[in-house]
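Numbering of the sequence shown is given in UniProt numbering, commencing with residue 1 and proceeding in unit increments. Cβ coordinates follow ideal geometry from the N, Cα and C atoms, glycine included. To start, the structure itself, in C-alpha cells.
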Amino acid sequence: MSEHSHPEHTREQDAAAAVTDGSMWTAGFWDERYAATDAVWSGNPNQRLVEQVTGLAPGSALDVGCGEGADAVWLARQGWRATGVDVSQVALDRAAGHAAEAGVEVEWRLVDVIAGEAFPATYDLVSAHFLHPPADLLGDVVRRLGDAVAPGGTLLHVAHDPRDSHALHRDPELTRLMPTLEQVVALLDPAVWDVRVAEVQARTQLHQGEEKTLHDTVVRAVKVS
Numbered sequence: 001m002s003e004h005s006h007p008e009h010t011r012e013q014d015a016a017a018a019v020t021d022g023s024m025w026t027a028g029f030w031d032e033r034y035a036a037t038d039a040v041w042s043g044n045p046n047q048r049l050v051e052q053v054t055g056l057a058p059g060s061a062l063d064v065g066c067g068e069g070a071d072a073v074w075l076a077r078q079g080w081r082a083t084g085v086d087v088s089q090v091a092l093d094r095a096a097g098h099a100a101e102a103g104v105e106v107e108w109r110l111v112d113v114i115a116g117e118a119f120p121a122t123y124d125l126v127s128a129h130f131l132h133p134p135a136d137l138l139g140d141v142v143r144r145l146g147d148a149v150a151p152g153g154t155l156l157h158v159a160h161d162p163r164d165s166h167a168l169h170r171d172p173e174l175t176r177l178m179p180t181l182e183q184v185v186a187l188l189d190p191a192v193w194d195v196r197v198a199e200v201q202a203r204t205q206l207h208q209g210e211e212k213t214l215h216d217t218v219v220r221a222v223k224v225s
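What follows is the structure, given as C-alpha cells:
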C-alpha cells in the first residue's frame, strides 16, 4: 500500500467486490472483516439511535445487525431489555465483551437476517442501522423487521442516503444497496404503521481523513395494529 493509499478506500473496494460475488451478506465475509482488526466501528452508539430513542419508555429492544454491540449496550444502559443479532459470531463475541465491560446484560443471538432466519421474539423497539440488504430483498427484510415489532412498538430504520455516493466516490455496486427515503416509507402499510419521522438528516463524519457531510434516511414508525 502506498503512503497515499487509504484503508477506507481498500475496504470499499473489497465491499464492492463482495456485493458483486454475493459474499457481502455471508458470515464468512463479516467474520473475516471483524477478525482482521481490534475494532471495526467507533464503539459509540449510532447518533440517530440516541436522537430517536431518547425519551421513549424502555421496554424490550432488538438491535438488528448489531456488529460490535455499541447500540445494544447503549440501549441496555438506558434501561431497555436489549437483544442484539448479527450474522457474525466474531462480532457477537466482541459485543458480549463490551457488554461485560459496561456492566450490562444483553442477549446476543446469531441470526442471518438476509437468509430469512427468524428473530427470537417480538419487541417494543426494533432498530436497524445501515443493514442494506440486496436491493431485491429490501421489501422482505423491512417486512420482517416490522413483523418483529409488537403492537404499539416502534420500528427505527436508518440507512445511508444514496445522494452521498458522488461526494464519497462510492462504487455503484454499493450505491445500489442504499434505499431512498420514499422507498422505505412506501414499504410501511399506513393501515399498520403511524410514521412519526421520515427525514433525510445530515451529520458530519471523518471519511478518508477528511470531514464530510453525510446524509441518513431516518424512518421511525409506531405499529398501530
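Alpha carbon of residue i to alpha carbon of residue j, nearest angstrom
i, j, result
"E68", "P190", "34 angstroms"
"R94", "L181", "32 angstroms"
"V197", "E51", "11 angstroms"
"A221", "T204", "25 angstroms"
"V219", "M178", "14 angstroms"
"V19", "R176", "10 angstroms"
"A102", "S42", "15 angstroms"
"V64", "G84", "6 angstroms"
Backbone secondary structure at residue i - three-state DSSP
i, result
"T26", "coil"
"E3", "Unreliable placement is indicated for E3, whose pLDDT of 34 sits below 50; the coordinate value is still reported in the next sentence. It is coil, neither helix nor strand."
"V85", "strand"
Proximity below 8 angstroms, CB of residue i to CB of residue j
i, j, result
"L56", "L125", "yes"
"V104", "A61", "no"
"L155", "A15", "no"
"D171", "E12", "yes"
"A128", "L145", "yes"
Residue burial classification, residue i (beta-carbon count within 10 angstroms, cutoff 16)
i, result
"D86", "buried"
"L206", "exposed"
"D216", "buried"
"N44", "exposed"
"L92", "buried"
"K212", "exposed"
"V149", "buried"
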